[in-house]
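Numbering (UniProt numbering), first residue to last: 1 to 259. Working notes, structure below.
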Amino acid sequence: MNRIEKQENKYLGKVYLVGAGPGDPGLITLKAKGLLECADVVIYDALVSPAILAMINPQAEQINAGKRRGKHSLFQEETTQLLIEKAQDHAIVVRLKGGDPFIFGRGGEEMEELVNAGISTEVVPGITSGIAAAAYSGIPLTHRLYSSSVTFVTGHEAAGKYRPKVDWNAIAHGSETIVIYMGIHNLPYIVEQLSAAGLNLETPIALVRWGTRPEQEELIGTLKTIVEQVEQTGFGAPAIAVIGQVVNMHSILSSCRPV
């Protein structure tokens, strides 16, 4: 029997890394909903909507592991250790993450640590905000007349990562639509970098805050105007940015927002 097989004998439960989607409870998967309803423990992030949290088994232990800019309920290492500990005594442990666990959600990091600890683990994908928030704003990320490619990129990079920074020059020329997560606080720098890379300052940009929720709001502008617009309106996180000609579809399709 190898080392991992010996470790597995110590654990009663299985950990599910579950994507909660962007906020609208109608967008959570049936599999995710079923796990929430029978979970023994749910460790959830800050951006999981109250409507999703209401689906959790009322008998389950609920733990807030949320991280917002400058504020941590639990640090990443503590969250992973907590998952390992809960799997020792509980059959169904759910790590509930906003959006999709593997799209800028640290799901890959957590799953790797759990696997290394010998814990049975499964990922349940969710709809990521970069897709859903744009759709609810009437912005198709691809369109035969405007865009045949999309790039998803983080606007907030972690220290100690695999390389020092995002290559904004490559991003500017890599596809016709750019979707930026967690970029509001770094927006002036991002706009400067994209402009320096040759992206036209008249390129449309949409910022979508609290995408798919009742409080969703958008700010539409261009690379030339958007930083000033944010300053004037106080538009803030959590929000995604969509850059490209597809943003022009907002004025046509936004009236068809789901209800």
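Don't be surprised by glycine CBs; every beta carbon is placed ideally from N, CA and C. Owing to the predicted nature of the structure, the values given are computational and were not obtained by experimental measurement.
Asked	Found
Opposing strand residues paired with Q62 [DSSP bridges]	V42
Cα-Cα separation, A20 to V48	7 Å
Exposure of H185, with buried meaning 16 or more beta-carbon neighbours within 10 Å	exposed
Residue range of the unbroken beta strand (DSSP E) whose run includes P50	P50 -> not in any beta strand (DSSP E); alpha helix (DSSP H) instead, spanning 50-53.
T80 burial status per 10 Å Cβ neighbour count (16 or more: buried)	buried
Where I184 sits in the DSSP three-state scheme	coil
Three-pair Cβ contact test at 8 Å for the stretch 221-233 versus the stretch 186-206	yes
Straight-line Cα distance separating R106 from A159	Here A159 scores only 45 on pLDDT, less than 50, and its place in the model should not be relied on; the value that follows carries that caveat. Using only the alpha carbons, I get a separation of about 14 Å.
H143 in three-state terms, based on DSSP	strand
Residues near A237 by beta carbon distance below 6 Å, same chain, minus five either side	I184
Contact the stretch 94-103 vs the stretch 31-46: 3+ CB pairs below 8 Å	yes
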